[in-house]
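Residue numbers (this note's numbering), protein chains in the order written: chain A, 1 to 330; chain B, 331 to 778.
Set out below in structure tokens:
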């Protein structure tokens, strides 16, 4: 008996010896689950084409990730589901009439150029889905900057707001999604349902979405717009465009957003401000996705600046530390 | 008294306090390591062929940071030689052949006058070999005496926030009055008027029981605490009870606090009232390789192989043996290793508990930052560790890491964070030592 036991070899690892069950794959699966109400509403509004678009885009994104890593003899990472999430989110910010082949091109750009060339998950500095969308809108602006429903071009609510025309949609219509727009952006109600799930599952924290949406709301509330009531204008800005979806699903992208706690709030406020800057003064009616791409580039600097006050250091000591650092630099 | 510390995690507790405490039959042979504490190891006082009694002192060292060790069974010394220690090394140990008589050699219980005398209590704590039984095994007498004059708050740690472990909880339920008396003694030895006893709310039955015994009579106040790991961490316990934060690199005494664990307080009671030295403790034996969990009063020096056998043997092949709790416990390399004073649990894990991956990739989710109770930034610390950037590691305060494992527990990408920080700290220490030696050499050169 002793002989047998002596031959037993045991694993030795440093603490902790237990880990949570929630791994990367589960987190990505949670994101996919959270988009179910949004995709469902998209199918209800725009027809089965949406589902085809979603599934083929997910499949294409997974294929590109697999093929890239296979060709470069890297470990296959598709089972973490992050590629599937990218493919899914890309479709969410495209208009419903987008042809499947166009989404596939977007997937290629998002996965290969934006994500894998920089080392894959966790290393890319731009949000792949939004970069894919930016690439597609630049390449096929004729097809993608308009929204076509049942063969008829529909003006989006933000288009009305931009032009300063009277808004034909009530707030309830904007909130529940009876408006034209990108597949994932129209129903704030469905998006909030998804967000509640993500926050309950601790996949995302409330900080970034709250900062983005809060900033957009307060900036538009304060500055208003001629021809609209301040509150009405502010709520339409939050619900009618891409702020709700991108603020919750895109701005919280792990790789491209700050990890520090104050940094996340700063980042969210930055996105909100840039969005409103574009909406007020830019050429586009929409601005959220570009705002996020710009803030993505600031992520590293924000994290550096938002160093945390560690345990045992009082506020006064922390301020003194910062001051000493500043003096050392100058 | 409702302060909160930031961060923390909620591991699956998997506790089994409903399993009554059983007494594990002592093994035929016990192996008593001469180092069961932080500090100077003891010199054996016995030699091969000697007859020893239970509770008899068999190892001692007069250094201030040390604690004597005692025989956990009566019988004959069959060897005094290096044996595998739970920490992995070979450590000088006394091997005793058990005569199953348990002939005791007790110290005289303290007289009522001595029970009021801080010095007498302190001497007894030292003599009985009481160490931090929560796992750190820091000599308690030294902890108390070194804090004198600085400490105004005595805290008893009853959080038991580690999953699986039940020893503290069961001690509270089984010996509440003795426990309160032990705390009273620690309080007198420390020279303070009041002791706070922090207990996690998941032990409500113990909180109610202790409160029903009028703890104020002993100068003790029970503080129910939120159920969260690492509530039982020394710094977190101080923060929760007093709101004070131990300074980076500082000691609890620096903010006027001294923290001792539940089982330590009970050991103090046993030493002073019953004249017993530390030779046994409740060990929780659990893990998926063991059929059913066992909470057994186990003698110090019992081998893991014997424990497994007594608990019904393995139902599945164990892959890992953890001594202590799963969050901060260490891995044993062999079944020959024995339990020591600080071993609160022996967990036999199979591949079910193994959640490591071959190529962990950080996804920058930032969860490690959210859960770090020391408010550090583990993900960046890890990146600087990978680059061996010691300057930045210091700037990111890797030295403040308490190695609680919360970040690693929560990490969805399975990064070996705590391991990296432990290594980084050792590397920084080695570097500092090297630089110091260099500076000294240069100073000598200059003096010439």
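For each residue, glycine too, the CB sits at the ideal point set by N, CA and C.
**Request:** Give me the Cα-Cα distance between residue 693(B) and residue 121(A), rounded to the nearest whole angstrom.
**Result:** For residue 693(B) and residue 121(A), the distance between alpha carbons rounds to 6 Å.
**Contact with chain B by residue 18(A), beta-carbon distance below 9 Å** = At least one chain B Cβ lies under 9 Å of residue 18(A).
**Cβ-based neighbour list, residue 309(B), same chain, cut-off 6 Å, excluding 5 preceding and 5 following** = No answer is possible for residue 309(B): the residues shown for chain B start at 331 and end at 778.
**Request:** Report the three-state DSSP secondary structure of residue 718(B) (helix, strand or coil).
**Result:** DSSP places residue 718(B) in coil when its eight states are reduced to three.
**Rounded straight-line distance, which links the Cα of residue 434(B) to that of residue 317(A)** = Near 56 Å, if we compare the C-alpha coordinates of residue 434(B) and residue 317(A).
**Request:** Drop a sphere of 10 angstroms on the beta-carbon of residue 718(B), count the other beta-carbons inside from all chains shown, and report buried for 16 or more, exposed for fewer.
**Result:** Only exposed fits residue 718(B), as fewer than 16 other CB atoms lie within 10 angstroms of its CB.
**Identified DSSP bridge partners for residue 559(B)** = 339(B), per the DSSP bridge assignment.
**Asked** Where do the N-terminal and C-terminal ends of the alpha helix (DSSP H) with residue 422(B) fall, by residue?
**Response** Bounds of any alpha helix (DSSP H) do not take in residue 422(B); it lies within the beta strand (DSSP E) bounded by 420-428.
**Item:** Selected residue, minimal CA-CA separation from residue 335(A), among 323(A), 239(A), 114(A)
**Value:** With chain A represented from 1 up to 330, any question about residue 335(A) goes unanswered, as that position is not in the structure.
**Message:** By the DSSP assignment, the alpha helix (DSSP H) with residue 171(A) in it spans what residues?
**Reply:** Per DSSP, residue 171(A) is one residue of the alpha helix (DSSP H) stretching across 171-176.
**Message:** Using a Cβ-Cβ cutoff of 8 Å, what residues of the region 48-72 of chain A are near chain B? List them in chain order.
**Reply:** Cβ proximity to chain B below 8 Å picks out nothing from the region 48-72 of chain A.
**Message:** Any beta carbon from chain A within less than 9 Å of residue 570(B)'s own beta carbon?
**Reply:** The beta carbon of residue 570(B) does not come within 9 Å of any beta carbon belonging to chain A, so the residue lies off that interface.
**Request:** For residue 688(B), decide whether its Cβ has a neighbour in chain A, counting only Cβ atoms nearer than 9 Å.
**Result:** Yes, contact with chain A.
**Residues within the region 429-445 of chain B neighbouring chain A, beta-carbon criterion of under 9 Å** = Cβ contacts with chain A: none found.
**Message:** Using a Cβ-Cβ distance cut-off of 9 Å, determine whether residue 778(B) contacts chain A.
**Reply:** Not closer than 9 Å to any Cβ of chain A, the Cβ of residue 778(B) fails to qualify, so no.
**Prompt:** Going by the CB atoms, is the gap between residue 410(B) and residue 668(B) shorter than 9 Å?
**Reply:** With contacts defined as CB atoms closer than 9 Å, residue 668(B) and residue 410(B) fail to qualify as a contacting pair.
**Message:** Considering Cα atoms alone, identify which of 28(A), 46(A), 32(A) is closest to residue 152(A).
**Reply:** Selection 28(A), 46(A), 32(A) evaluated against residue 152(A) yields 46(A) as nearest (Cα-Cα).
**Message:** Residues of chain A with CB closer than 9 Å to the CB of residue 752(B), please, in chain order.
**Reply:** Contact of residue 752(B) with chain A by beta-carbon distance below 9 Å involves 14, 15.
**Item:** Residue range of the unbroken beta strand (DSSP E) whose run includes residue 487(B)
**Value:** For residue 487(B), the enclosing beta strand (DSSP E) stretches over residues 483-488.
**Prompt:** Mind checking whether residue 508(B) and residue 497(B) have CB atoms under 9 Å apart?
**Reply:** No.
**Asked** Is there a Cβ from chain A that is less than 9 Å from the Cβ of residue 699(B)?
**Response** In terms of beta-carbon proximity, residue 699(B) lines the interface with chain A, with at least one pair separated by less than 9 Å.
**Prompt:** Which same chain residues, not among the five before or five after residue 39(A), have their C-beta less than 6 Å away from its C-beta?
**Reply:** Cβ within range, chain order: 54.
**Message:** Using only the alpha-carbon positions, how far apart do residue 5(A) and residue 638(B) sit?
**Reply:** With a pLDDT of only 47 at residue 5(A), under the threshold of 50, the placement of this residue in the model should not be trusted, and no figure is reported.
**Item:** Extent of the continuous alpha helix (DSSP H) run through residue 157(A)
**Value:** Looking at the DSSP string, the run of the alpha helix (DSSP H) that includes residue 157(A) is 157-163.
**Item:** Secondary structure of residue 665(B), DSSP reduced to three states
**Value:** Coil, per DSSP.
**Asked** Nearest-angstrom Cα distance between residue 312(A) and residue 562(B)?
**Response** Straight-line Cα distance between these residues: approximately 17 Å.
**Asked** Sorted by chain position, which residues of the same chain lie with C-beta nearer than 6 Å to residue 599(B)'s C-beta, five sequence neighbours on each side aside?
**Response** Sequence-distant Cβ neighbours of residue 599(B) in its own chain, meaning closer than 6 Å and more than five residues away, are 508, 511, 512.
**Prompt:** Which partner residues of residue 544(B) appear in the DSSP bridge assignment?
**Reply:** Beta-bridge annotation (DSSP): residue 544(B) is not paired with any residue.
**Beta-carbon neighbours of residue 404(A), restricted to chain B and to distances below 7 Å** = Chain A is shown from 1 up to 330; residue 404(A) falls before or after that span and cannot be answered.
**residue 530(B) classed as buried or exposed, judged by whether at least 16 other C-beta atoms fall within 10 angstroms** = Residue 530(B) is buried by the Cβ-count criterion.
**Prompt:** Any idea what DSSP makes of residue 267(A), helix, strand or coil?
**Reply:** Residue 267(A) falls in the helix class under three-state DSSP.
**Request:** Can you grab the Cα-Cα spacing for the pair residue 155(A) / residue 263(A), in whole Å?
**Result:** The alpha-carbon separation between residue 155(A) and residue 263(A) amounts to approximately 36 Å.
**Asked** How is residue 709(B) classed by DSSP in three states: helix, strand or coil?
**Response** The answer is helix: DSSP assigns residue 709(B) an H, G or I state.
**Request:** Can you pull the chain B residues whose beta carbon is under 7 Å from the beta carbon of residue 24(A), in chain order?
**Result:** For residue 24(A), the neighbours in chain B by C-beta distance under 7 Å run, in chain order, 693, 742, 743.
**Prompt:** Span of the beta strand (DSSP E) holding residue 411(B)?
**Reply:** Segment 405-414, the beta strand (DSSP E) holding residue 411(B).
**Item:** Positions along the region 339-363 of chain B whose CB lies within less than 7 Å of some CB in chain A
**Value:** Residues of the region 339-363 of chain B whose Cβ lies closer than 7 Å to any Cβ of chain A, in chain order: 341.
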